[in-house]
Amino acid sequence: MPAITALAAGDTCILKLFEQLSVTPALLVELVPHYFDRRAVAAVTGDREEVTKLLKLPFNFIFFTGSTKVSKIVMRAATENITPVQLELGGRNAALVNETANIADAAKKIVWGAMAWGGHPRRRESRFLRLRRG
């Protein structure tokens, strides 16, 4: 959503993709330039060295989703250019299914939710609870 908001406001956006996913980053690197103006959106992957170079650029805003460890690196880099940062750290989501639920339908919706975010571990349910009365 932050990328959509940035683009709607007329800003440019660089998407640093979560490289530990197997197929999604490669697909986005291929599709983003096909569907978006290259001056508006870029999708990139990279290791620590490339990300360090990327963080030296004078951004107007950084939205970071990831670990506390990496967020500290992002914050330190942002201070060099006095760049505002929004951090979305850790956290897991639970899927609650009560006794009245249609289990097949609930499972279908939970899987769709996980896949809608490309399987990103911070965006999918990681705990499944079936609630029972009594």
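Counting in the numbering used here, the sequence shown runs from 8 upward without gaps. Glycine included, C-beta positions come from ideal geometry on N, C-alpha and C. As the structure is a prediction and not an experimental result, all values here were calculated from the model.
Taken through DSSP and simplified to helix, strand or coil, Ile69 comes out as strand.
Going by C-alpha positions, Cys20 is about 10 Å away from Arg45.
Put simply, the backbone Cα of Asp54 is about 17 Å away from that of Lys79.
Counting only runs that start and end inside the stretch 33–87, the beta strand (DSSP E) elements of at least 3 residues fall at 48–51 and 69–73. The C-alpha of Ala16 is placed about 20 Å away from the C-alpha of Lys23. For Ile11, the enclosing alpha helix (DSSP H) stretches over residues Pro9 to Ala15. Across the set Thr107, Ala108, Ala102 and Glu106, the C-alpha of Ala102 shows the shortest separation from the C-alpha of Trp119.
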